[in-house]
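I have placed the structure first, in the form of structure tokens, so that the comments after it can refer back to it.
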Amino acid sequence: QKEVEQDPGPLSVPEGAIVSLNCTYSNSAFQYFMWYRQYSRKGPELLMYTYSSGNKEDGRFTAQVDKSSKYISLFIRDSQPSDSATYLCAMRLRTGNQFYFGTGTSLTVIP
Amino acid sequence: DAGVIQSPRHEVTEMGQEVTLRCKPISGHDYLFWYRQTMMRGLELLIYFNNNVPIDDSGMPEDRFSAKMPNASFSTLKIQPSEPRDSAVYFCASRRGITVTDTQYFGPGTRLTVL
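Quick note, the sequences are listed as chains A and B, same order.
For the first sequence, this note's numbering assigns the number 1 to the initial residue and increments by one for each residue that follows.
For the second sequence, this note's numbering assigns the number 1001 to the initial residue and increments by one for each residue that follows.
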């Protein structure tokens, strides 16, 4: 079993829709949770990070962590065609440098 | 800053050939990471360096893979001999430090195809 599981999609939504992206994980020691956005033929770029449980909001994006369920989510409100990309979740232990990535969910927002 | 620079952007080679991928990290970043991305396995860490010293190479799949960082501004990932299953996108990333607020910046990747 991979440490981080993510539905690869693809996910296709109309412009303006609310998008929900999710990851589950098996290691309860993960403390830091991140979302990366990767446009086609580009490297991933950090979108948001959260520490431990709770919510964090940044503009149209909300990251949510539920450590009791080992489940994290990224919500995108009022989705735009420019949000079309692959979204990767990543996790890190409290110590150490290794990031554990999900396989990514491909999102297309249709104008 | 130009960001993390990788070369070549695309590489097509035949099985058995040696492949060398190159990376220039962001100036001032003490950490450099090499990743491999495939559809099946996602993004996997191969090796990372701190101040040019390899710290963790447990992700390197086999002895056919080797990585070096001769100075703070240059790193290579070499595959010898290459095999078709090595086909993937290889990313280099750099970070200034190890705190969670130190963002990891990825390069554009090298798309490797081994025939």
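Just so it is clear, CB atoms sit at the ideal spot from N, CA and C, and this is done for glycine as well.
Terminal residues of the continuous beta strand (DSSP E) containing residue i?
| i | result |
| --- | --- |
| B/I1005 | I1005 to S1007 |
| A/L88 | A85 to L93 |
| B/G1042 | G1042 to N1050 |
| A/Q6 | V4 to Q6 |
Between the options, which has its C-alpha nearest residue i's C-alpha?
| i | options | result |
| --- | --- | --- |
| B/K1024 | B/P1008, B/G1016 and B/Q1017 | B/P1008 |
| B/N1050 | B/G1016, B/K1068 and B/A1088 | B/K1068 |
| A/E3 | B/Q1017, B/E1083, B/Q1006 and B/E1044 | B/E1044 |
| B/T1101 | A/L47, A/S28 and A/R41 | A/L47 |
Check whether chain B comes within 9 Å of residue i, counting only Cβ atoms and requiring the distance to be less than that.
| i | result |
| --- | --- |
| A/T103 | yes |
| A/N22 | no |
| A/Q98 | yes |
| A/P10 | no |
| A/Q6 | yes |
Since residue i and residue j should fall inside the 8 Å C-beta cutoff, what is the C-beta to C-beta distance between them, to a whole number of angstroms?
| i | j | result |
| --- | --- | --- |
| B/T1110 | B/L1021 | 5 Å |
| A/E5 | A/G104 | Wrong, their Cβ atoms sit about 12 Å apart, outside the cutoff. |
| B/S1075 | B/H1029 | Not a contact, Cβ separation roughly 11 Å. |
| A/N26 | A/K70 | Checking the displayed sequence, the identity of residue 26 of chain A turns out to be Ser instead of Asn. About 7 Å; that satisfies the 8 Å criterion. |
| A/G43 | B/G1107 | 5 Å |
Counting only beta-carbon atoms, is residue i nearer than 9 Å to chain A?
| i | result |
| --- | --- |
| B/F1065 | no |
| B/R1041 | yes |
| B/L1045 | yes |
| B/D1056 | yes |
| B/V1114 | no |
Against chain B: residues of the region 32-51 of chain A by CB proximity under 9 Å: Y32, M34, Y36, Q38, R41, K42, G43, P44, E45, L46, Y49 and Y51
Name the residues in the region 72-92 of chain A whose C-beta lies less than 9 Å from a C-beta of chain B; which are they? L88, A90 and R92
Please name the residues in the region 1097-1111 of chain B whose beta-carbon is closer than 9 Å to at least one beta-carbon of chain A, in chain order. Result list: I1098, V1100, T1101, T1103, Q1104, Y1105, F1106, G1107, P1108, G1109 and R1111.
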